[in-house]
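What follows is a short report on a single structure.
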Amino acid sequence: MNNFKVIFDFLNKYGGNIVIANKNNSNYNEQKHSQLITLKATSFDNEWKSIVEHIMNKIKVKKILSTQQWQNSGNIFDYFWTQFKSEDRLDSASSISVFARKSSIEVKLTWHFAYGKKSQNSLKQHNMWVARLENWVNGKSIDTSKYTIWYGGDGNEGNKSTLEKYFNSNDEKDLVLNGSDSSGKTFLIEIGKEFNKEYVVANGDKVLTEIINTTDEIEELYKATSKRIDIISTNNNESHGLGISKNYYESRLKIDEIRRYVISKSFIYHYNDLANFYLSLKTKPFIILAGISGTGKSKLVKLFANAVGATSDNGQYNIISVKPDWNDSTELFGYKNINDEFVPGKLTEIIFRASKEENINKPYFICLDEMNLARVEYYLSEYLSIIESREFDVDNNIKTDRLFPAEYLPEGNKYANLRIPENIYIVGTVNMDDTTFAFSRKVLDRANTIEFSDVDLDALDFNNEECESIDVDNNFFKTSFLNIKDALNTDDAFVRQTNSKVKDINEILEQGNKNFGYRVRDEIVFYMLENKINDLLSEDEAFDFQIMQKILPIITGSELLVKEILIKLFNYCNTNGKEVTATIEYIKECEVELKSGKIKYKKSAKKILMMLRGYEDGFTSFWA
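First residue of the sequence shown? That's 303 in the numbering used here, and the numbers climb one at a time after it.
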C-alpha cells in the first residue's frame, strides 16, 4: 500500500497555489477555478483518506476529529493534515496529528492554534506533557535518536532537535521547560517523528506501521495535555514558566525510585501499594497501617522515610512505641510538673524541631508503633481535633490552631505558639488481633486505613544494587486541597463525577446507619484528584483503594442489615459481572464472581467476601 507518492506529487505540483474562488473578486479566474474543482475529483484526495482510514483503524486513539481540507476558499495548502483525538477530548486543541508535507511525513503531538480560543485546555496546559517526558522515555524504552522535539514556534516555525540532543543540552531543556519566548508569550512544544520523502516513497507500508506505532507511543504524552491544576513540586521556589522545577522529578518516577530503594533493603512492596501510601499521605498526613504481625508495617514507614532522606540520624524519622497504659495525651503532648513547669511530650518535641525555619521544608515522619495497644481516642484526641483546623494562609502555607491554649502556656514559653506544621506525617501501625482496642468512627473518618495482610513468601527477587535515597522537599508530600471548593475549582467535572460515585456508596450504607459525612467524602475526592494530577494509578485502582480504606473499615456488626450492605457493596464493586443475591448461596456466588476476573474493584470485593464469611460466623468487622 504505497499511496504516498501520489500525495507528494500533488503537493509539489499544486501546493501553496492560490486560486480566487469568489466570482465577485476582480482577480477571479474562471478557468483556474474550474481546474481547482476538477482536481477535487482526482485520486490524490482519496489516497490521503485511504491512508488516514488505515491509520485510524489501527491506532489506540480511536476517534478522528477531522481531515483538514486540501483547499479553502481557493488556497491549496502545501500540506495535508489529519488530527486524531480521543472521544473525551474533542473540545481540546491538543491532538496527535499526521502531516503530509512536500518533502516529508510528520506524526506528532501538536496543538491547533485556530481552535485555541474554544479549547478546554490552554496552550500552557498542553505543554505540560513535557513534565512526563523523562519517565515516558524510560518507561517505554524510547530511542531518543529517532524522535524530534519542536519548540519556540507555531508548528511551522521555531527550533527543532532530536530528543537525544535535547536531553544532553541543559540550555535547550531550560528553554523548553520555560515554555515562553523573550516577550513572555507561551510557545508550542511538539514531539514526534518525521520521515523524509525518499524513505516514505520507498517504504510506504513500513512507514504506515511506523506512524501507527508512533501514535501509540505518544498517546501517554497526549493524555498529559488535559486540563488540570498546575501544582508542581518546586525546590527553593525556582521553577520554569510551565510550573516545572529545574530539579523536578515527576511523582511516578519518584515512586519508582523509592521502590528500588526499598527493594535494595530486602523488602518488597508493589508499586501500587507505595503509590497508594504516598497518595494517602498527600491527602491527609495521618495514616493507619493495619495487618497481621510481621508483614512489615513499621518497616515500610521507616524505609519510605529513609528513601526520601528522612532518617533517625537527622531527626526526620521518629518511632514512638505506644504503651497499653496511655490513657491521656501527656506522653505525646506533655504536662506540667509539681512546680508548674511544662515538660514537653515526645510529639511536641518533634513538632517543635520540624517547625523551625530551617526545617519547615523537610518532611518529618512519625511512626506510632502498635498504636491500638491503648485507646487512640484517649491519647491522640487533641491531635485529631487540631489537624481538622488546617487552612491555607495568604502565603499558601498550611496553618492549624495552637497546640496549647493561651491560658495553659503563657507567652514567653517556647512552646506557647506551637502549631502542627505542614511537614509532619503520622503513620500508626496496627496489629489485627484480640489483644488490641477497636477504633472509633472519630479515628477512622480521619485516616486512610491501609491493610497489609497478603504475604508472598516466594518474593525473593531483591535488588542487590545499593540504592541512594532521593532528594525531595516537603512540597512533594504537601496537601494540595483542604476544602471541596478548591477541588471544584481545579477540575469541576472530575470532582462531580467522583462525588456521584461516593454518593452511590453512601446511599447503600444509609440503610444500616453506616453512612458518613462531608469529611469522608472530601478526603476521597482529594485522594482521587491528587491521583489524577500525579498520574500514579488508574482511576479504578485509585477508587478501589478508597473503598477499601475509607468505607469498609467503618462496617461492623452482626445484624441482618450489615449482610445486606456488604452484598450490595460487593455488587457495586462487580458492575461488570453477575449480581449476587442474598440467598443461602451468596458466599459461593461471590467466590465465583471473584474468580471470573470481571470485578471492577478487586481489592475491595475480596475484602468484602472475607467480611461476609465473618458474618456467617456471627460477627463481621474489617479488623477480623
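Idealized CB from N, CA, C, for every residue including glycine.
Here the structure is a predicted model, which is why all the values come from computation and not from measurement.
Can the beta-carbon of residue i be found closer than 8 Å to that of residue j?
i                 : j                 : result
isoleucine 589    : leucine 583       : yes
tyrosine 346      : valine 502        : Per the sequence shown, residue 346 should be read as phenylalanine rather than tyrosine. No, they are not a contact pair.
isoleucine 688    : phenylalanine 694 : no
asparagine 663    : asparagine 836    : no
lysine 599        : threonine 731     : yes
valine 624        : alanine 676       : yes
aspartate 720     : isoleucine 653    : Checking the sequence, you will find leucine at residue 720 rather than aspartate. Yes, the Cβ-Cβ distance between leucine 720 and isoleucine 653 is below 8 Å.
serine 755        : threonine 597     : yes
histidine 428     : alanine 395       : yes
phenylalanine 741 : valine 645        : no
isoleucine 444    : glutamate 519     : yes
threonine 517     : asparagine 423    : no
valine 610        : serine 397        : no
isoleucine 853    : phenylalanine 579 : no
alanine 577       : leucine 839       : yes
aspartate 421     : threonine 412     : The question names aspartate, yet the displayed sequence has serine at residue 421. Contact flag unset, no.
Helix, strand or coil, according to DSSP, for residue i in the structure here?
i                 : result
lysine 625        : coil
alanine 592       : strand
tyrosine 316      : helix
threonine 858     : strand
phenylalanine 731 : The question names phenylalanine, yet the displayed sequence has threonine at residue 731. It is a strand residue.
tyrosine 710      : coil
serine 388        : coil
lysine 410        : strand
tyrosine 381      : strand
phenylalanine 694 : strand
isoleucine 772    : coil
arginine 434      : helix
isoleucine 688    : helix
glutamate 881     : coil
tyrosine 681      : helix
arginine 554      : helix
lysine 613        : A small correction: the amino acid at residue 613 is threonine; lysine does not occupy that position in the sequence shown. DSSP places threonine 613 in coil when its eight states are reduced to three.
glycine 930       : Nothing can be reported for residue 930: it is not among the residues displayed for the chain, which extend from 303 to 926.
threonine 340     : helix
glycine 441       : helix
isoleucine 726    : strand
serine 923        : strand
Would you mind reading off the limits of the beta strand (DSSP E) that contains residue i?
i              : result
aspartate 671  : 666-671
threonine 446  : First-last for threonine 446: undefined, no H or E at that position.
isoleucine 493 : 490-498
valine 645     : 644-646
alanine 402    : 396-403
isoleucine 752 : 750-753
glycine 636    : 636-638
serine 582     : No beta strand (DSSP E) holds serine 582; the alpha helix (DSSP H) holding it covers 573-585.
lysine 467     : Looking at the DSSP string, lysine 467 is not in any beta strand (DSSP E); the run it does join, the alpha helix (DSSP H), is 465-469.
Within 10 Å of its beta-carbon, does residue i have 16 or more other beta-carbons around it, so buried, or fewer, so exposed?
i                 : result
leucine 523       : buried
lysine 365        : exposed
alanine 929       : Outside the displayed range of the chain (303 to 926) lies residue 929, so it cannot be described from this structure.
tyrosine 680      : exposed
isoleucine 378    : buried
phenylalanine 489 : buried
serine 499        : In the sequence under discussion, the amino acid at residue 499 is lysine, which differs from the serine named in the question. Buried.
threonine 792     : buried
glutamate 768     : exposed
phenylalanine 497 : buried
glutamine 337     : exposed
arginine 561      : buried
For the alpha helix (DSSP H) that contains residue i, what are its first and last residues?
i              : result
asparagine 515 : 506-525
asparagine 791 : 786-792
serine 906     : 904-918
asparagine 472 : 472-480
lysine 834     : 820-836
aspartate 846  : 841-848
arginine 743   : 743-746
lysine 426     : 425-428
Verify the CB distance criterion: does residue i have a CB-CB separation below 8 Å to chain D?
i              : result
isoleucine 662 : Checking the listed chains, one finds no chain D in this structure; it contains a single protein chain.
At least 3 beta-carbon pairs within less than 8 Å: the region 705-725 vs the region 805-818: no
Count the C-beta pairs between the region 625-639 and the region 599-615 that are closer than 8 Å, then say yes if the count reaches three, no if not. no
Counting pairs of Cβ atoms below 8 Å between the region 727-747 and the region 587-601, do you hit three or more? Verdict: yes, contact present.
Segment contact flag, the region 309-327 with the region 399-410, C-beta cutoff 8 Å, min 3 pairs: yes
Pairing CB atoms from the region 905-915 with CB atoms from the region 869-884, are three or more of them under 8 Å? yes
Do the region 473-482 and the region 438-446 touch if we need at least three Cβ pairs shorter than 8 Å? In short, these stretches do not touch, since the Cβ pair count stays below three.
Is the number of C-beta pairs between the region 895-904 and the region 843-861 that are closer than 8 Å three or more? Yes: at least three Cβ pairs fall under 8 Å.
Hey, is the region 819-834 in contact with the region 857-869, meaning 3+ C-beta pairs nearer than 8 Å? no
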